[in-house]
């Protein structure tokens, strides 16, 4: 299952809410996501997708360790 996830580019270094100013505009992001889907399908994998720019409830069963790193240091 491939789901477009704009929050991956969230900047959490300032304020109480994440900033998405570095994220691609929706039309460009949708095209990039579709290219990614096409590449994965071309590799021979079976692919299902969510709906772009739609609210979705996605449930996952994580079978293994996960590390999430929030970078709070300034870039530069």
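In the numbering used here, the protein residues as written are 111 to 186. We put the CB at the ideal spot given by N, CA and C, even for glycine.
Legend entry - Pairwise C-alpha distance: residue 175 and residue 136: 32 angstroms
Legend entry - Beta-ladder partner(s) of residue 121, from DSSP: 129
Legend entry - Buried versus exposed, by CB contacts within 10 Å (16 or more), residue 130: exposed
Legend entry - Terminal residues of the alpha helix (DSSP H) in which residue 135 lies: From DSSP, residue 135 is part of no alpha helix (DSSP H); its letter is neither H nor E.
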